[in-house]
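2 protein chains.
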Amino acid sequence: MTGEAAYADWIAVDWGTTNLRAWAMRDGRPVAEATSDKGMGVLDRADFEPALLELIDPWLGQGRMSIVACGMVGSRQGWVEAPYAAVPARPLGADMATPTVSDSRLDIRVIAGLKQASPADVMRGEETQIAGFLSANPAFDGVLCLPGTHSKWAQISAGEVVSFRTFMTGEMFSLLSKRSVLRLSVTEGWDADAFVDAVSDAMSRPEALAAKLFTLRAESLIAGLTGAAALSRLSGLLIGAELAAARPYWLGQNVALIGAERLTDAYATALKVQGLDPIRADATDATLAGLAAARALIMETTE
Amino acid sequence: MTGEAAYADWIAVDWGTTNLRAWAMRDGRPVAEATSDKGMGVLDRADFEPALLELIDPWLGQGRMSIVACGMVGSRQGWVEAPYAAVPARPLGADMATPTVSDSRLDIRVIAGLKQASPADVMRGEETQIAGFLSANPAFDGVLCLPGTHSKWAQISAGEVVSFRTFMTGEMFSLLSKRSVLRLSVTEGWDADAFVDAVSDAMSRPEALAAKLFTLRAESLIAGLTGAAALSRLSGLLIGAELAAARPYWLGQNVALIGAERLTDAYATALKVQGLDPIRADATDATLAGLAAARALIMETTE
Chain W
289 MTGEAAYADW IAVDWGTTNL RAWAMRDGRP VAEATSDKGM GVLDRADFEP
339 ALLELIDPWL GQGRMSIVAC GMVGSRQGWV EAPYAAVPAR PLGADMATPT
389 VSDSRLDIRV IAGLKQASPA DVMRGEETQI AGFLSANPAF DGVLCLPGTH
439 SKWAQISAGE VVSFRTFMTG EMFSLLSKRS VLRLSVTEGW DADAFVDAVS
489 DAMSRPEALA AKLFTLRAES LIAGLTGAAA LSRLSGLLIG AELAAARPYW
539 LGQNVALIGA ERLTDAYATA LKVQGLDPIR ADATDATLAG LAAARALIME
589 TTE
Chain X
289 MTGEAAYADW IAVDWGTTNL RAWAMRDGRP VAEATSDKGM GVLDRADFEP
339 ALLELIDPWL GQGRMSIVAC GMVGSRQGWV EAPYAAVPAR PLGADMATPT
389 VSDSRLDIRV IAGLKQASPA DVMRGEETQI AGFLSANPAF DGVLCLPGTH
439 SKWAQISAGE VVSFRTFMTG EMFSLLSKRS VLRLSVTEGW DADAFVDAVS
489 DAMSRPEALA AKLFTLRAES LIAGLTGAAA LSRLSGLLIG AELAAARPYW
539 LGQNVALIGA ERLTDAYATA LKVQGLDPIR ADATDATLAG LAAARALIME
589 TTE
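Read top to bottom, the protein sequences are chains W and X.
With our numbering applied, the first sequence covers 289 to 591.
With our numbering applied, the second sequence covers 289 to 591.
Right, here's the structure in full:
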């Protein structure tokens, strides 16, 4: 490195559909963090480099900076299309993609996603969290659940993702609670009993889900259902439907949850009713550990 | 009636969440129709009278005009809250509501809805279509299906609605195809085979619905699924989930469909795979016949 020294050894980037997060990494730890709402969804291809520089410029020196990014930044609508590795595969086994940049200080790699032929499925971003979890738990054999906008269930064996399924639970919850007629019946707040009952209800009769959603509206109109109970039941019905469909993944398995605290709380509660006691890992920790694992792979191949 | 004669004998109004439709009725037939996008959803209470006058003013004379309205105009957020009659009940059995008006020529009645205590459910507007269907088919005994934003299934016996259930199928289809990640994978067009396969798929394994939605996105990314096939499968999965949940309603029953042609086509196709051959009625015809039946009830009680 020539001239002015950089603040960071390398930079870790988590670039999803709605948010961009970057961390300055030094001596193996994040020493600074910056975020913006310039997610992949609002950017044209030419906008990615300025959006990134806006956040990380203070961390650059005059030399080249190694930057490792995961998430939807690698999608077809992203900065550069990174490949998908076909499962079974190690979560970081595939070649990373390199976007074209104007600023020669930027040495960027975008992590590849995973795909599954049948049933057809894809992931981008979660493979990095899985790699991070496995770097902290190398002997883990079992099932990982990553709840979120598009929840993922992944079967892990011998360090590989064997199979996985995606559920649109978080997106359905957001659409139904904010944009459907149910928005008139839900409010903030949490009713733990209503949640647990709804999970059990959806799991025991998943075929009735389509009928049970409007019941929330009707009960709030004619039976005094509170907004908090309606919201909790909506969450429970959708998570219950996910658990019913994902049963082959978790039944009798060793399950770990990776996600934000509030969401993994809800899934842990739901799974406990089924007799499971999932271990839990923080999503940001897993992402950072996965980006560090990817960085280590890059160092191996370039040394 | 004094002075200038009115163009209409009475006026029929279908006032839903998104649209307002009015018909000038003379000698038992609609002789003029007017529509606007001033649905209940965009109006404050003071806006209803001007929105209606804008459409029907040319049909008024100097005397009082009898106007009969159905739909969400009678909801809590509407012009006047009309009651709900508890089932089992005749579809037009309950007292109608009368909104306050400034223009003394307007003599308006808003038709009451129906409610069900357990499982909790409500309808507003469909009771009028049911009444219209029954006025044309007075001996009908069986099940009516009214597909739409909020599809209704109603069990009919001896002229009464015995029980009913609401499914948010149309609203889910709209949200998922226009506002979720699936919007990137669907286009206009129809693939009849994809629809029928998806209906069967959802009906045979309704618990897997939550997993099958994202498969549409994944197949379009990695397996060349066309936009028309994705849209048709989305429709089939949601209608199949509705049919799975509504099975106690239609299994072995005499079923009639009331709705717009394209929608009843889809439901009829789906039900035929199950061995049913539903009769079909047009939604507008049913609405007009129901409003006429309500008008006849008003005449009976005021004569």
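Every residue gets a Cβ at the ideal spot worked out from N, C-alpha and C, and that includes glycine.
Straight-line measurement puts the Cα of X:Asp-325 at about 44 Å from the Cα of W:Glu-549.
At a cut-off of 8 Å between C-beta atoms, W:Arg-453 counts as an interface residue with respect to chain X.
A straight-line Cα-Cα distance of about 29 Å links W:Ala-480 and X:Ala-534. With contact defined as three or more Cβ pairs closer than 8 Å, the region 368-376 of chain W and the region 398-411 of chain W are in contact.
Taking C-beta atoms as the reference points, W:Gly-547 and W:Gly-436 count as a pair closer than 8 Å. In this structure, the beta-carbon distance from X:Ala-518 to X:Val-474 falls below 8 Å.
Close to X:Ile-510, with beta-carbon spacing below 8 Å, are these residues of chain W in chain order: Tyr-372, Lys-403, Ala-405, Ala-408 and Val-410. Contact check for X:Ile-399 and X:Val-356: beta-carbon distance about 7 Å, within the 8 Å limit, so the pair qualifies. For W:Ser-468, the C-beta contacts it makes with chain X under 7 Å involve Met-456, Glu-459 and Leu-463, in order along the chain. The Cβ of W:Pro-494 sits closer than 8 Å to at least one Cβ of chain X. When C-alpha distances from X:Ala-506 are compared across W:Trp-298, W:Gly-359, W:Glu-448 and W:Val-410, the shortest belongs to W:Val-410. If you compare the alpha carbons of W:Ser-354, W:Ser-492, W:Met-491 and W:Ser-508 with that of W:Leu-472, the shortest gap goes to W:Ser-508.
Across the region 476-492 of chain W, no CB contact with chain X closer than 7 Å is found for any residue. The beta carbon of W:Thr-503 sits closer than 8 Å to some beta carbon of chain X.
Approximately 6 Å separates the beta-carbon atoms of X:Glu-337 and X:Ser-390; this is inside 8 Å, confirming the contact.
Residues Leu-434 and Lys-440 of the same chain have their beta carbon placed closer than 6 Å to that of X:Glu-414, with the five preceding and five following residues left out of the count. If you ignore the 5 residues before and after W:Glu-448, its C-beta comes within less than 7 Å of the C-beta of Pro-376, Ala-377 and Arg-378, all in its own chain and listed in chain order.
When the Cα atoms are used, W:Gly-316 and W:Asp-297 turn out to be separated by approximately 9 Å.
Counting of Cβ neighbours within 10 angstroms places X:Asp-429 among the exposed residues, the total staying below 16. For X:Ala-370, the three-state secondary structure derived from DSSP is coil. Distance between W:Met-313 and W:Leu-579, taken at the CA atoms: about 10 Å. DSSP, reduced to helix, strand and coil, places X:Lys-403 within a strand of the structure shown. DSSP places W:Gly-515 in the uninterrupted alpha helix (DSSP H) bounded by 515-533. CA-to-CA, the gap between X:Ile-299 and X:Arg-309 works out to about 10 Å. The region 522-534 of chain X makes no contact with the region 556-567 of chain W: fewer than 3 CB pairs, one atom from each, lie closer than 8 Å. Classified as exposed, X:Lys-466 has fewer than 16 neighbouring CB atoms from the shown chains inside 10 Å of its CB. Of all residues in the region 517-529 of chain W, only Leu-526 and Ala-529 come within less than 9 Å of chain X when Cβ atoms are compared, listed by chain position.
Between W:Glu-507 and chain X, the shortest Cβ-Cβ separation is below 8 Å. Taking a contact as a CB-CB distance under 8 Å, the pair X:Gly-362 and X:Ala-385 counts as one, their CB atoms being some 6 Å apart. With respect to the 8 Å criterion, X:Phe-502 and W:Thr-306 are not classified as neighbours on the basis of their beta carbons.
Closest in C-alpha terms to X:Ser-520, from the list X:Arg-397, X:Leu-504 and X:Leu-531, comes X:Leu-504. Inter-residue distance for X:Val-543 and W:Thr-552 is about 44 Å (C-alpha atoms, whole angstroms). X:Asp-302 is positioned such that its CB atom lies no closer than 8 Å to that of X:Ser-354.
Contact of X:Leu-497 with chain W is assigned, a C-beta pair being separated by under 8 Å. Beyond the five residues adjoining it in sequence on each side, W:Met-460 comes within less than 8 Å, by CB distance, of Leu-526 in the same chain, given in chain order. Identification of chain X residues near W:Ala-532 by a Cβ-Cβ cut-off of 7 Å yields Glu-495, ordered along the chain.
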